[in-house]
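Going down the list, the sequences are from chains A and B. For the first sequence, the working numbering begins at 838 and goes up steadily by one. For the second sequence, the working numbering begins at 143 and goes up steadily by one. We put the beta carbon where it would ideally sit given N, CA and C, even for glycine.
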Amino acid sequence: MSAQESSTPLGQVRGLGSSHHGGGHWLRERLTSAALLLLGIWLIVSLVLLPSLDRATLAEWLKSASGFVPMFLFVVTAFVHAIDGLKVVVDDYVHDAGNNLALNGLILFAGIGGGAWALFSLLKIAFGAAA
Amino acid sequence: MTVSILHRITGSGLAVVGLAVLTWWLWAIAAGGDAYATFTTHATRWYGLVVLIGLTWAFWQHLLSGIRHLVMDIGAGFELKTNRFFAVLTIVGGLFLTALTVFLILGVNQ
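Here's what the structure looks like:
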């Protein structure tokens, strides 16, 4: 009998459920989805309302607090939600422990690396010298 | 069932392709005029438009089916007719909002 099968419901919530992460991961995925509902609509509406999508217009927009702050939150939340969501898909379809670890590790590395790169770019637009 | 699978496919697509495009876009704005020109050259060719319009659809489909899943998470909407109605609504709504977004953005820039 495996650990999951012998555990109590409380034990599963604490980390022995099918995700091996308990309820925290599940809840964070929902909370980031609620945030992205607002931030995602903000992004689309902003792109529609901007007078142009040329570089100067976008840079000016992302230098302003009303552009930078929501975009910063969007990048962080989107990458966290992406890592959480892809983990659910991987855990549902990749059952071999070694492959599962490798794939989830790759997603985590790429997600954090990509997120750092996106944030670096955003900070450079907002605070870097005009190029 | 179909919408649930669509939620996973669009979510995975947004996570991998969407965030890659977002990161490239932000990096290109930061890096300078040449980098941004390269981005827009690819973004406005036919394959770039396929990717961007595809991402727009994935965004709206995932957003709407995500709302549906949040409602189901609180235990509502499991009656067969209601469930089916909202499943179909996410598909129709996703296509409509995609068409609207593409129309408005292309309209603004041309």
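Ends of the alpha helix (DSSP H) at Leu874 (chain A)?
Here residue 874 (chain A) is taken as the residue at index 37 of the first sequence, counted from 1. It spans 860 to 886 - the alpha helix (DSSP H) in which Leu874 (chain A) sits, taken as one unbroken run.
For the segment 895 to 937 of chain A, list the beta strand (DSSP E) runs that are entirely contained and at least 3 residues long, ordered along the chain.
The qualifying runs do not exist here; there are none.
Identify each residue in the segment 225 to 249 of chain B for which the Cβ-Cβ distance to at least one residue of chain A is less than 7 Å, and report them in chain order.
From the segment 225 to 249 of chain B, only Thr243, Leu246, Ile247 have a Cβ closer than 7 Å to chain A.
So does the segment 162 to 174 of chain B actually touch the segment 953 to 968 of chain A, counting three or more Cβ pairs closer than 8 Å?
Enough Cβ pairs lie closer than 8 Å, so yes.
Could you give the residue range of the alpha helix (DSSP H) that holds Val192 (chain B)?
For the purposes of this step, residue 192 (chain B) is identified with residue 50 of the second sequence, where counting begins at 1. Per DSSP, Val192 (chain B) belongs to the alpha helix (DSSP H) from 188 to 215.
Alpha carbon to alpha carbon, how far is Phe238 (chain B) from Thr869 (chain A)? Give it in angstroms, no decimals.
Taking the first sequence and counting its residues from 1, one reaches residue 869 (chain A) at position 32. Taking the second sequence and counting its residues from 1, one reaches residue 238 (chain B) at position 96. Rounded to whole angstroms, Thr869 (chain A) to Phe238 (chain B) spans 25 Å at the Cα level.
In whole angstroms, what separates the C-alpha of Phe911 (chain A) from that of Phe201 (chain B)?
What you label residue 911 (chain A) is simply residue 74 of the first sequence in a count that begins at 1. What you label residue 201 (chain B) is simply residue 59 of the second sequence in a count that begins at 1. Approximately 13 Å, taken between the alpha carbons.
Specify the secondary structure class of Phe220 (chain B) as computed by DSSP and reduced to three states.
Here residue 220 (chain B) is taken as the residue at index 78 of the second sequence, counted from 1. Looking at Phe220 (chain B) - three-state DSSP - the assignment turns out to be coil, as it is neither helix nor strand.
For the alpha helix (DSSP H) containing Ser154 (chain B), list its first residue and its last residue.
The sequence position of residue 154 (chain B) within the second sequence is 12, counting from 1. 144 to 155 is the extent of the alpha helix (DSSP H) around Ser154 (chain B).
Count the other CB atoms, across all protein chains shown, that sit within 10 Å of the CB of Val917 (chain A); report buried if there are 16 or more and exposed otherwise.
Counted from its first residue, the first sequence places residue 917 (chain A) at position 80. Under this definition Val917 (chain A) is a buried residue.
Quick check on Gly175 (chain B) - is its C-beta less than 8 Å from some C-beta in chain A?
Here residue 175 (chain B) is taken as the residue at index 33 of the second sequence, counted from 1. Gly175 (chain B) counts as touching chain A.
State the Cα-Cα distance for the pair Gly861 (chain A) and Val230 (chain B), rounded to the nearest angstrom.
If you number the first sequence from 1, residue 861 (chain A) lands on position 24. If you number the second sequence from 1, residue 230 (chain B) lands on position 88. Approximately 31 Å between the Cα atoms of the pair.
When you compare the CB positions of Leu923 (chain A) and Ala162 (chain B), do they come within less than 8 Å of one another, or not?
Taking the first sequence and counting its residues from 1, the one referred to as residue 923 (chain A) is at position 86. Taking the second sequence and counting its residues from 1, the one referred to as residue 162 (chain B) is at position 20. Not closer than 8 Å, so no.
Of the choices A:Val913, A:Ser903, A:Asp891, A:Ala896, whose alpha-carbon is the least far from that of Ala953 (chain A)?
Here residue 953 (chain A) refers to the residue found at position 116 of the first sequence. That would be A:Val913, whose Cα lies nearest to the Cα of Ala953 (chain A).
Compare the Cα-Cα distances from Leu194 (chain B) to each of B:Leu212, B:Val159, B:Tyr178 and report the closest residue.
To locate residue 194 (chain B), count along the second sequence from 1; it is residue 52. Nearest C-alpha to Leu194 (chain B): B:Val159.
Roughly how many angstroms separate the alpha carbons of Leu248 (chain B) and Trp879 (chain A), rounded to a whole number?
Taking the first residue of the second sequence as 1, we reach residue 248 (chain B) at position 106. Taking the first residue of the first sequence as 1, we reach residue 879 (chain A) at position 42. So the alpha carbons of these two residues sit roughly 18 Å apart.
Going by C-alpha to C-alpha distance, which of B:Asp176, B:His184, B:Val213 sits closest to Asn225 (chain B)?
Within the second sequence, numbered from 1, the residue matching residue 225 (chain B) stands at position 83. The option with the nearest alpha carbon to Asn225 (chain B) is B:Val213.
Would you say Ile881 (chain A) reaches chain B, if we count a Cβ-Cβ gap shorter than 8 Å as a contact?
Counting from 1 along the first sequence, the entry for residue 881 (chain A) is found at position 44. For Ile881 (chain A), the answer is yes, since a Cβ of chain B falls inside 8 Å of its Cβ.
Whole angstroms are fine: how far does the CA of Leu242 (chain B) sit from the CA of Leu940 (chain A)?
Counting from one through the first sequence, the residue named residue 940 (chain A) turns up at place 103. Counting from one through the second sequence, the residue named residue 242 (chain B) turns up at place 100. Rounded to the nearest angstrom, the two C-alpha atoms are 37 Å apart.
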